[in-house]
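Residue numbers for the sequence shown follow the working numbering, so the first one is 310 and each next one is one higher.
Read through the structure below, which is laid out as structure tokens, and then see the notes.
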Amino acid sequence: MAKPRILVTRRWPEAVEARLSEEFDTVLNTADRPLSLSDFRAALTEYDAVLPTVTDRLGPEALEVARPRTRILANYGVGYSHIDMDHAARHGMRVTNTPDVLSECTADLAMTLLLMAARRAGEGEREVRAGRWTGWRPTHLVGTKVSGKVLGIVGFGRIGREMARRAHHGFGMEVIVHNRSAVDPRILAQYGARQADSIDALLPQCDFVSLHCPGGTANRHLIDARRLNLMRADAYLINTARGEVVEESALLQALAFDTIAGAALDVFEGEPAVNPAMRDYDNLVMLPHLGSATREAREAMGFRVLDNLRDFFEGRDPRDRVN
Ligand code: 8YV
């Protein structure tokens, strides 16, 4: 029987690409150029499986193909708000993701951002690099203490829990969570956490708020001007979830008028485009979507996609099916 024909839309870790090439009739994107809309539409008619990433915008237009050959979109990453699930379902396409294997690394990065914002690490680094450091003084780049403070977590899935573990057991933080569905008190107890009834109730209680919910239309601008106003003036917002979860223009207003103390973002509304105005805010830390960017996580994500493909093409239910 012919091997399934699969397309990998970006460069993946070498070890995973090698294994994919052994097991499937695989086409790699050796130039690592993002696919255009027409490339993607063509791919859907030529491949049994397409393996996208967050840089593939698989909205209704990209998926508007009369008779696709593709039967599975095996996404590299846990978030899949870049895929129009209604259209995928209409074509009977299976969609899978890669949970678990990136939770620790993404939480590590959320904690990195939290620390950077609180301790003004970005400002300090820029100062040293620019040769502007004039020496130690008691009032120099004074930030905010992290240990023992209150952390609010919005979205208490795998990554949110890893964040809570780090914050509570590593930094002695008090953790308050809000999740779409209520969290079992036995799980909360593992992180010394308590539950807020609503996001609105959570926000005013926190020194730091870290977002770990999914993106997509349901959570678009979940943190808007009104909710930013519920945060304390000395509080920080951390976003490693998806850019659309925060209304960026409202966040910039809040930073400009010091209605919050600062923010740290790994994801952006129009990424990779970043609103140029954001570069002027010293109370804003920005990283280029590095959440899962470790060798270990990126390889594990690739092998998890491979597991999903094997399951699918051998007639089993893929372990990470999301539809
Ligand atoms: C990925 C992420 O690197 O997994 C996710 O949802 O945001 C990142 O960790 C990226 O999405 C890969 O497609």
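We treat Cβ as the ideally placed atom computed from N, Cα and C, and that holds for glycine.
Cβ neighbours of residue i in the same chain (closer than 6 Å, five flanking residues each side left out)
i: L596; result: D575
i: L531; result: V554
i: P627; result: T405, N617, D620 and F621
i: A502; result: A473, V484 and V486
i: M482; result: K458, L460 and A476
i: P322; result: R607, E608 and G611
i: M420; result: R475
i: K312; result: F333 and D334
i: L353; result: V374, P377 and T379
Identified DSSP bridge partners for residue i
i: Q499; result: Per DSSP, none; premise fails for Q499.
i: L411; result: Bridge partners of L411: none, in fact.
i: Y545; result: F517 and G571
i: H487; result: V463
i: Q504; result: V486
i: D629; result: The partner list for D629 (beta bridge, DSSP) is empty, contrary to what the question assumes.
i: L329; result: Its beta-bridge partners do not exist; DSSP assigns none.
i: T339; result: None, per the DSSP bridge assignment.
i: L512; result: According to DSSP, which records beta bridges pairwise, L512 is partnered with nothing at all.
i: L403; result: Checking the sequence shown, residue 403 turns out to be Arg, not Leu. In DSSP, R403 forms a bridge with I381.
i: R314; result: D334
i: I532; result: V555
Cα-Cα separation between residue i and residue j, rounded to whole angstroms
i: A542; j: K454; result: 15 Å
i: R588; j: E332; result: 45 Å
i: R441; j: L411; result: 37 Å
i: D493; j: A550; result: 23 Å
i: P369; j: A505; result: 36 Å
i: A430; j: A439; result: 14 Å
i: P361; j: T568; result: 39 Å
i: T318; j: S601; result: 18 Å
i: V594; j: H449; result: 18 Å
i: R625; j: V359; result: 18 Å
i: R380; j: N538; result: 45 Å
i: R399; j: A426; result: 44 Å
i: V374; j: T407; result: 26 Å
i: D395; j: M402; result: 10 Å
i: N488; j: R446; result: 43 Å
i: E413; j: S330; result: 28 Å
i: M540; j: P581; result: 27 Å
i: E623; j: I315; result: 15 Å
i: L423; j: S507; result: 22 Å
i: A456; j: S558; result: Here the sequence assigns Ser to residue 456, which means Ala is not the residue at that position. Those two C-alpha atoms are separated by around 30 Å.
i: A324; j: E556; result: 38 Å
i: G452; j: D509; result: 26 Å
Same chain only: Cβ atoms within 7 Å of residue i, ignoring 5 sequence neighbours per side
i: A397; result: L372, L382, V404 and N632
i: D409; result: R467
i: G388; result: V363, P523, G524 and R551
i: H391; result: V363, D365, R366 and L367
i: R328; result: L615
i: R418; result: The identity of residue 418 in the sequence shown is Leu, whereas the question assumes Arg. T549, D575, L599 and G600.
Interface flag, residue i vs chain B, CB-CB below 7 Å
i: G386; result: Any reference to chain B falls outside this structure, which holds one protein chain only.
8 Å CB neighbourhood of residue i in its chain, flanking five on each side removed
i: G579; result: G552
i: E432; result: L450 and D591
i: Q514; result: V459, G461, I485 and A505
Can you give, in chain order, each stretch of the alpha helix (DSSP H) that sits fully within the stretch 347-398 and has at least 4 residues? 369-372
What are the start and end residues of each continuous alpha helix (DSSP H) run of 4 or more residues lying completely inside the stretch 577-602, in chain order? none
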